[in-house]
Amino acid sequence: MPGSNVVIVESPAKAKTINKYLGDDYTVIASFGHVRDLPARDGSVRPDEDFAMEWELGDRSKRHIDEIAKAVKSASRIYLATDPDREGEAIAWHLSELLREKKLTENREVQRITFNEITKSAVQAAIANPRDVSRELVDAYLARRALDYLVGFTLSPVLWRKLPGSKSAGRVQSVALRLVCERESEIEVFKPQEYWSIAVGFTTPAGASFTASLTQLDGKRLDKFGLPNREAAEAAVAKIRPQDFAVSSVERKQSRRNPSPPFTTSTLQQEASRKLGFGATRTMRTAQKLYEGVDIGGETVGLITYMRTDGVSLSQEAIDSARGLIGTQYGERYVPAQPRVYKTAAKNAQEAHEAIRPTDLHRRPESVASYLEQDELRLYELVWKRTLASQMESAILDQVAVDIAGPAKDVVLRATGSIVMFDGFLKVYQEDRDDAAEDDQQERRLPAMDQGDALNRGDIDPQQHFTQPPPRYSEASLVKKLEELGIGRPSTYASILQVLQDRNYVRLDKRRFIPEDRGRLVTAFLENFFHRYVEYNFTAELENQLDEVSDGKVDWKTVLRDFWTAFDVAVNGTKELTITQVLTTLDNELGAHFFPAVTADGHDPRVCPVCREGRLGLKLGKMGAFIGCSRYPECRYTRPLAVANDENGEVQEGPRELGNDPETGLPVTVRRGPFGAYIQLGPAPAAAAAPPEAPPVEEPAADGKKPKAKKKKKDEAPKPKRVSLPKGMGAADVDLDTALKLLALPRVIGNHPETAEEISAGIGRFGPYLKHGSVYKSLTPDDDVLTIGINRAVDLLAGAAKKASAPAKALGDHPKTGKPITMGSGRFGPYVKHASVYASIPKGTEPDSVTLEQALELIDAKVAKDAAKKGKAPKEADAEKAEGAETEKPVKAKAPAKKPAAKKATKAKPAKDAPAEAAAPKKKIAKAS
1081 MPGSNVVIVE SPAKAKTINK YLGDDYTVIA SFGHVRDLPA RDGSVRPDED FAMEWELGDR
1141 SKRHIDEIAK AVKSASRIYL ATDPDREGEA IAWHLSELLR EKKLTENREV QRITFNEITK
1201 SAVQAAIANP RDVSRELVDA YLARRALDYL VGFTLSPVLW RKLPGSKSAG RVQSVALRLV
1261 CERESEIEVF KPQEYWSIAV GFTTPAGASF TASLTQLDGK RLDKFGLPNR EAAEAAVAKI
1321 RPQDFAVSSV ERKQSRRNPS PPFTTSTLQQ EASRKLGFGA TRTMRTAQKL YEGVDIGGET
1381 VGLITYMRTD GVSLSQEAID SARGLIGTQY GERYVPAQPR VYKTAAKNAQ EAHEAIRPTD
1441 LHRRPESVAS YLEQDELRLY ELVWKRTLAS QMESAILDQV AVDIAGPAKD VVLRATGSIV
1501 MFDGFLKVYQ EDRDDAAEDD QQERRLPAMD QGDALNRGDI DPQQHFTQPP PRYSEASLVK
1561 KLEELGIGRP STYASILQVL QDRNYVRLDK RRFIPEDRGR LVTAFLENFF HRYVEYNFTA
1621 ELENQLDEVS DGKVDWKTVL RDFWTAFDVA VNGTKELTIT QVLTTLDNEL GAHFFPAVTA
1681 DGHDPRVCPV CREGRLGLKL GKMGAFIGCS RYPECRYTRP LAVANDENGE VQEGPRELGN
1741 DPETGLPVTV RRGPFGAYIQ LGPAPAAAAA PPEAPPVEEP AADGKKPKAK KKKKDEAPKP
1801 KRVSLPKGMG AADVDLDTAL KLLALPRVIG NHPETAEEIS AGIGRFGPYL KHGSVYKSLT
1861 PDDDVLTIGI NRAVDLLAGA AKKASAPAKA LGDHPKTGKP ITMGSGRFGP YVKHASVYAS
1921 IPKGTEPDSV TLEQALELID AKVAKDAAKK GKAPKEADAE KAEGAETEKP VKAKAPAKKP
1981 AAKKATKAKP AKDAPAEAAA PKKKIAKAS
C-alpha cells in the first residue's frame, strides 16, 4: 500500500538509498531522468508565437509517468526531490506540469525539496524545509533549451545544404570545436626555433655533486635564446673549460605553499584526467554512483556530495570534521590556527552549492575499499584527500639559489633547489599541474654551500633544444579553457566533449584532441558565415544573460527575442549563398592545411598529379567534401579529404616503409586493409598481390565423409606477421620503434602479486586486452597496451574477476512457462535471461532496479524482434524459444541419399505436417578466409 507521501527522484539508485531514510509513510519512486523534451523536429519552438514550446514524453517515459501517477493517487503530499541544480529544477517542473495536466495536483501539496548529500540527516532536513519550484531557474532552463534548439534546428539545415556531409552544429559545441581547430592551426604554422643551454657538473669539498646552468656570459645575462646555435654553445664551452669556479653568492628565502580548494565539477574532471587518466564522461558517471549511494555492509549511503557545482565552500560541519580528523591522524601542528575559507570566482556559481566532498570524512578510503569498484575507489580517494588537504596547514619550503662564478666573473652559473622544511598539506595531497617539470627543477635538493667555497668542475654538457608548439588540448585543459572563457557550465562539459567525438569532428589520440577534417570544414564555414555565433565573448555573454534570468533580473523571453532577431537575419542571409561561394571561401581558408607550401624542388601540391594541368581544390558531393581536379569532367582525379603526404601530393594509400627489424632484417611497413591500418613484418607473399578468392565449396564425398584437407605446398610462402593498430593510434603517427613493440605483442607485464601467475598484454580480435591465466580483460580507451604497468593491470583484472564472480540474480518465474528469469552481466552489458532468450537492459536503467514485469517486457520485445527477422509470428517464436529451447534435442544430420534420375524441376509447397527431417538439407558454404 503506497504511503501518504510520495517522493519523486531521478534514478532508481537514488530512490533505493532515500527509501531507507524515510518511514513507511513515504513512497520513493524514480522518474528515470528527464521525462519529456522538445521533439526533434521543426516547429517545437515557435518564435512567431512568442516562443511557444511543444513538449513530448520520451520513448520510455510513459510507463514511468503511469507508475508515478498511480502512486500519487493515494497520496496527500508530493515531494519533488530531483537534483539540486538547474537540470534538477527543470525535471521537477516537468513532473509538476504533467501531474497538473492529469489533474493529480488538486487537493494535494506539491513541494520541492533539495539536499546536497544523500545522508539521513540531509534528507530529513530537506523534508522539514520544503519550498516551491523556482520559477526563475525554470525560466533560465527554458531559455537555454530554446536557444540550443533554435541554433541546432536552424543552423544544421544550412550546414546540410551548403556543406554536404556535415552533421549538425550546436551553440556551445561549435565554440569548443573552434578552440580545438585553432590550436591545431597554431601547431601547423609553428616554426621551431633553435637554442642551446649548458649544464655543468660540480662537486663540493665534502664530495656532494650537483648541476648548475650557464646564466651569464661576458657580463651579459643570457635569455632563452642567448645561445642560438652550436657555434655560440661551443664558444661558451671554450670560455668555461679553463676556469676555476667558486660559490659567489647563496640566496635563501622561505616560502609557503597553500593547499588548493576542494573540488568543483571542472577541477574534479581536470585532476581525474591528470591523476587517474579518466575522461570527463567517465569521471561524472563514477561520481554519480558515489553520490547516489553505495551498499556499505548492508547500509546504502551516499559517499560524496552533489558533483555538479561551481562552489568551493564547505559546510561548517565538514570543516569541523576535517580539522578534528587532521589533528587526530597527523597531529595538531597540521591544523591551521583558523579554518580555511574558500570563495569561488565564478559568477552565479550553481546557486551557491558546496564543493564536492565526502559526506563523512571519517569514512576513510581504505575502510570502504572492499565495497567499491576500482574506479569508484580511486575517485573517492581523490575527493577524500583533496578535501582533507584543503583544511591543512601550509607547506613551508626553504628555497636556495647558488651563483657560481669564475675569477673574472665573466662566466656565471646558477643552481636552484628547495628543501621542504614542513610538509603540511603535502603529507596528504599534491595537485598535478602543467608546470610539473619546473616544479621538479625548483624542488631538487642542493648540498650545503657557503659563499667563497671552491668547487671542482665536472662534465660540461651543451644541450640543443627547439621551441615546441603549444600542446593540443586534453580533456582537462579544454575544460579549463572553457571555464576560463565562461563558456558552458559544469553539468555540460562532459556532454560537450562527447558530442564532438560522436559527430566525428574530433578524435582523442594519446588523450589529446585532434580535429578531423570534417570538424575543420564546419569551423571554417561557421567562422566565415556565422562568425558572431562562434565568438568566445558572444557565447560567454549569452551565458551571463542566462545567469541573470536565473537570478530574476532579466525576462527569459527578452533574451530569446534579442538573440533570435539577429540570428534569423544571419540565417536568411545565407539563402542566396551558392555552393561555389562556399567552396571558394573554404578553399582559401583551408588551402594551407590541405595543400602544404611549394617544396624546395619546386613541386606545387596544387597541381593535379594525373593531367598535370588542372588545379586541385575542395569539392563537395552527396557524401561530403573531397579533393578534385579543376578540369573535371575531362580529368576525373579525386582523393579523400586529407593532407597530402607524399612527394606527388598524393594521400598515401599503399605500404609505408618504417625501416628493417634489427633481429630478422625484414622490412617493417604500415599498411591499410579492409579493417583498418596494420603493421606488417616482411614482404607480402607473391600470391597476396591479387585479392584472395573464397575457397571452393566443400561438397561431401559419396560416403558422406568430410574430404581430407589439402596439404600445404612446400614452396608456398609463409604469411608475414601482422598486428592491427590500437584504436586511437593513427597510421601516420607510427614509427619503427612503436611498430616493433606492437609486433612483439603479447608482452609480459609481470606476475600477479596474489597468484604469482603471469599477466600479459596483447591485441586480439576485440582490441587490446590483458590475460591472466584463463581470465581475459579488455583495456579501456585510456590504457595503452604498450605501456600499461603491473599495478594498473591488477586493478583491471580485479574488476573483471569481481564482475565474473557475481552470480545471476533471480527475478522470478515466467508466468507462462514457469521457468526462471534471471539478471546478469556479460561482455555487452547487463541483461535479463529466460530459457535461451537474452535481452539487454537499456542504457540508463539501473540493473538492480529491474523488476519481473520489466524483465518480461524486455524478453517479449526481444522475442518479437527475433521473430520479425526470421519472418515468424511472435507467438510462434515465443513458443519455440521459451518452451522448446531447453527440452528438444538437436536433430542429427542424415547422410545424403543417392541422387535420383534427373527430372524437370517443379516447385511444390511442403505439407504442413511434414516432419523437420524431411526438409531438404541446406548446403554449408565455407566463409572466405
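1081 is the number of the first residue of the sequence shown in my numbering; add one for each residue after it. Built from N, CA and C at the ideal position, the CB exists for glycine as well.
In chain order, V1912, A1919 place their CB closer than 6 Å to the CB of L1938, counting only its own chain and leaving out the 5 sequence neighbours on each side. Counting only the Cα atoms, E1933 lies some 21 Å from V1089.
Proximity of the stretch 1487-1501 to the stretch 1323-1335 meets the contact definition, three or more beta-carbon pairs being nearer than 8 Å. Comparing C-alpha distances from A1206 to each of F1706, R1192, S1214 shows the shortest one belongs to R1192. Contact between the stretch 1087-1103 and the stretch 1364-1381 is present, with at least three C-beta pairs closer than 8 Å.
Runs of the beta strand (DSSP E) spanning 3 or more residues and lying entirely within the stretch 1106-1142 occur at 1106-1110, in chain order. If only complete runs of 3 or more residues are kept, the stretch 1250-1293 shows the beta strand (DSSP E) at 1274-1283, in order along the chain.
Boundaries of the alpha helix (DSSP H) around T1361: 1360-1372. About 7 Å separates the beta carbons of S1111 and I1148, which is inside the 8 Å limit, making them a contact pair. Selection V1421, K1094, S1804 evaluated against P1341 yields V1421 as nearest (Cα-Cα). Contact between A1475 and G1504 holds, with the beta-carbon distance rounding to 4 Å and staying under 8 Å. For I1659, the closest of V1213, L1243, K1094 by C-alpha to C-alpha distance is L1243.
T1496: member of the beta strand (DSSP E) spanning 1491-1502, first to last residue. With contacts defined by Cβ atoms closer than 8 Å, V1381 and T1424 do not form a contacting pair.
Of S1710, H1673, T1665, A1705, the smallest CA-CA separation from V1687 is found for S1710.
If you draw a 10 Å sphere on the C-beta of Q1349, you find 16 or more other C-beta atoms in it, and that means buried.
Residue range 1827-1831 is occupied by the beta strand (DSSP E) that includes R1827, with no alpha helix (DSSP H) assigned at that position.
Between G1847 and V1579, the CB-CB gap reaches or exceeds 8 Å. Looking from the CA of V1690, the closest CA among P1339, R1716, I1829 belongs to R1716. In the three-state reduction of the DSSP assignment, Y1553 falls in the coil class.
Apart from the 5 residues on each side of it in sequence, Y1221 sits with its Cβ closer than 7 Å to the Cβ of R1166, E1169, A1170 in its chain, given in chain order.
Within the same chain, Cβ atoms closer than 6 Å to the Cβ of V1662 are found at K1242, the five residues on either side in sequence being excluded. DSSP, reduced to helix, strand and coil, places Q1471 outside both helices and strands of the structure shown, so it counts as coil. Assignment of Y1856 by DSSP, reduced to helix, strand and coil, places it in the strand class.
Following the DSSP letters along the chain, one finds A1919 inside the beta strand (DSSP E) bounded by residues 1917-1920. Counting of Cβ neighbours within 10 angstroms places D1139 among the exposed residues, the total staying below 16. When secondary structure is reduced to three states using DSSP, D1863 falls in the coil class, being assigned neither helix nor strand.
Nearest in C-alpha terms to P1720, of all of E1737, G1697, Y1712, E1714, is G1697.
Around the beta carbon of G1708, 16 or more other beta carbons sit within 10 angstroms, so the residue counts as buried. Distance from T1467 to L1441 at the Cβ level is roughly 7 Å; contact confirmed, criterion being Cβ atoms closer than 8 Å.
Exposure of N1652 is indicated by the presence of fewer than 16 other C-beta atoms within 10 angstroms of its C-beta. Look at V1814 here: in three-state DSSP terms it is coil, with no helix or strand label.
Counted as a single uninterrupted DSSP element, the stretch harbouring S1329 is not any alpha helix (DSSP H) but the beta strand (DSSP E) occupying residues 1325-1337. Apart from sequence neighbours up to five positions away, the residues of its chain that approach T1744 with a beta-carbon distance below 8 Å are L1761, G1762, ordered along the chain.
Each residue's CA atom was taken as its position, placing R1310 and D1324 some 24 Å apart. In the three-state reduction of the DSSP assignment, F1674 falls in the helix class, which pools H, G and I.
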